[in-house]
Amino acid sequence: MITIKTIFHLSLSGSPDNLPTHNTTGASIKMAGQTLFVFLLVVLSASAVVRCLNNEGKGVDWWVILKYPILSQGGDVGSGFAYTYADAKSPSFKYSSLRLDSDGAIPNTLNQVYNNSGSDSIGYLMYNDESPDGSQHESFAHMKGVMGFDSKVGFLLSHSVPRWPPASSDSYNYPDGQAVYGQSFLCLSLSTPNLDLVGGQLLIDKPHLYDSNLPDSITTQNLAQVVSSQWIKDGTTNFITISTLAGEKFDVFAKNEEADVELWDDVVEPQYQSGMLVESWMNGGLKNKMPTVCTPDSKYNTMNVRTVAPMDGVQWTETKDHSKWAVTTDVQDVFCIGDINRQFSQAKRGGGAICGTVSSIWKDLTDFISESDPCPN
Numbered sequence: 001m002i003t004i005k006t007i008f009h010l011s012l013s014g015s016p017d018n019l020p021t022h023n024t025t026g027a028s029i030k031m032a033g034q035t036l037f038v039f040l041l042v043v044l045s046a047s048a049v050v051r052c053l054n055n056e057g058k059g060v061d062w063w064v065i066l067k068y069p070i071l072s073q074g075g076d077v078g079s080g081f082a083y084t085y086a087d088a089k090s091p092s093f094k095y096s097s098l099r100l101d102s103d104g105a106i107p108n109t110l111n112q113v114y115n116n117s118g119s120d121s122i123g124y125l126m127y128n129d130e131s132p133d134g135s136q137h138e139s140f141a142h143m144k145g146v147m148g149f150d151s152k153v154g155f156l157l158s159h160s161v162p163r164w165p166p167a168s169s170d171s172y173n174y175p176d177g178q179a180v181y182g183q184s185f186l187c188l189s190l191s192t193p194n195l196d197l198v199g200g201q202l203l204i205d206k207p208h209l210y211d212s213n214l215p216d217s218i219t220t221q222n223l224a225q226v227v228s229s230q231w232i233k234d235g236t237t238n239f240i241t242i243s244t245l246a247g248e249k250f251d252v253f254a255k256n257e258e259a260d261v262e263l264w265d266d267v268v269e270p271q272y273q274s275g276m277l278v279e280s281w282m283n284g285g286l287k288n289k290m291p292t293v294c295t296p297d298s299k300y301n302t303m304n305v306r307t308v309a310p311m312d313g314v315q316w317t318e319t320k321d322h323s324k325w326a327v328t329t330d331v332q333d334v335f336c337i338g339d340i341n342r343q344f345s346q347a348k349r350g351g352g353a354i355c356g357t358v359s360s361i362w363k364d365l366t367d368f369i370s371e372s373d374p375c376p377n
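In terms of the UniProt record's numbering, the sequence shown is numbered consecutively and its last residue is 377.
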């Protein structure tokens, strides 16, 4: 945050025309006052709170986005940059008229990092198992995200997009090559202490950092250990509950490669004592795909989503979807945005999920599922 030192007393309670003047040099002092007034407004705007920003660039407690893949409809809907959006103020999904390659909540939020690259007052972490330069990091967690924060508050963005976003020294863009598949995004506005709690989970996950900045002015014990790669190497799974700035509770799950467990079946479902419908990346070798599993062969029914239909006349199969999200089936209201696919190989990858209890989001996502692999009768 920027601290403004008062050089002399100046009242800002009115408009520039109400600033104090003196008869002898009234015009010049009045003009100087107007100039200082504008300067202070610019400085104050530069010290705005770091948090999730909505499509209009205003602060919001949380938001969720599902990006559409490239579709045969053409136009904006089929462009690969279309998305449906929900947030804390409007917690039901609505198709956005904006394109996420240039406008909306995602660039608005991330520009807080790009506008403060190398800052001594704004910290950030960017991590992805596939870096923007195309390099892959299979010995690290299968997870992707961005944190941005000052000494008090910030945001956590969890997403599913490989090779994205660009490093902080660059500028925001969403490349054409990543338009092909559907993707998922979740942003939470958090206090910096809560972000540091998430950092404790990252020590389990072991994400690959491709950019980071931890100013000396910000104290974050766990995030500092993440930056210095002090990973927890014993087989570990864990979950914590964090609170957003407005008090909404979210559960953050983590597992490391040494735990050698499936995220959804073994870590998330037992916490809610519920089966789940899971949308995740199922492309690849047939032997690597995890089938739907059901009782009595497993404790809970874990069913793969096959077709997503977020609006009338718009649908796609899971082969066009790289997002990772899930909804509970035996209890209501719990939805998750995650890192891990239902693939056998990913038992040996770190990563987790963030789950919230928002009935309208749960209902919408459940309704979006038009086909899944059911359990046998």
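We put the CB at the ideal spot given by N, CA and C, even for glycine. Note that this is a predicted model, so its numbers are computed, not measured.
Per the Cβ contact rule, the stretch 285-292 is not in contact with the stretch 245-256 (fewer than 3 Cβ pairs under 8 angstroms). Close CB contacts of Glu371 within its chain, under the 7 angstroms cut and outside five residues either way in sequence, are with Arg306 and Thr307 (chain order). Unbroken beta strand (DSSP E) stretches of 3 residues or longer found wholly inside the stretch 158-218: 183-191 and 209-213, given in chain order. Counting other Cβ atoms within 10 Å of its Cβ, Lys233 stays below 16 and is therefore classed as exposed. The residue among Lys58, Thr357 and Lys320 with its C-alpha nearest the C-alpha of Glu248 is Thr357.
Counting every other CB atom within 10 Å of its CB across the protein chains shown gives Thr219 a total below 16, marking it as exposed.
For the options Pro107, Asp321 and Val314, the alpha carbon positioned closest to that of Gly75 is the one of Val314.
Beta-bridge partners assigned by DSSP to Phe250: Ile242 and Gly356. Boundaries for Thr292: no alpha helix (DSSP H) harbours it, and the DSSP string shows neither H nor E there.
Bounds of any beta strand (DSSP E) do not take in Leu223; it lies within the alpha helix (DSSP H) bounded by Gln221 to Val227. If you look at Asn304, you'll find it in the beta strand (DSSP E) that goes Thr302 to Met311. Of the other Cβ atoms in all chains shown, 16 or more fall within 10 Å of the Cβ of Pro310; this residue is therefore buried. In this structure, the beta-carbon distance from Thr109 to Gly154 does not fall below 7 angstroms.
Residue nearest to Thr236 within the set Thr244, Met303, Val261 and Leu186 is Val261 (criterion: CA-CA distance). Straight-line measurement puts the Cα of Ser323 at about 33 angstroms from the Cα of Ser121.
Excluding the 5 residues flanking it on each side, Asp339 has same chain C-beta neighbours closer than 8 angstroms at Ala141, His142, Met143, Lys144, Ser158, Ser160, Asp205, Leu263, Lys324, Gly351, Gly352 and Ala353, in chain order. Its chain contains His322 and Asn341 as the residues whose beta carbon lies nearer than 6 angstroms to that of Trp281, once the 5 sequence neighbours on both sides are disregarded; these appear in chain order. Our two residues, Ser229 and Asp129, have alpha carbons roughly 15 angstroms apart in a direct line.
Taking a cut-off of 8 angstroms for Cβ pairs, the stretch 200-217 and the stretch 163-181 touch, as three or more such pairs fall below it. Annotation: the stretch 313-347 contains the following complete segments of the beta strand (DSSP E) (minimum length 3 residues), in chain order: 314-317, 325-328 and 334-338. Residue range Ala105 to Tyr114 is occupied by the alpha helix (DSSP H) that includes Tyr114. Boundaries of the alpha helix (DSSP H) harbouring Glu269: Glu269 to Tyr272, taken from the DSSP string. Just so you know, the alpha carbons of Thr292 and Tyr85 end up roughly 28 angstroms apart.
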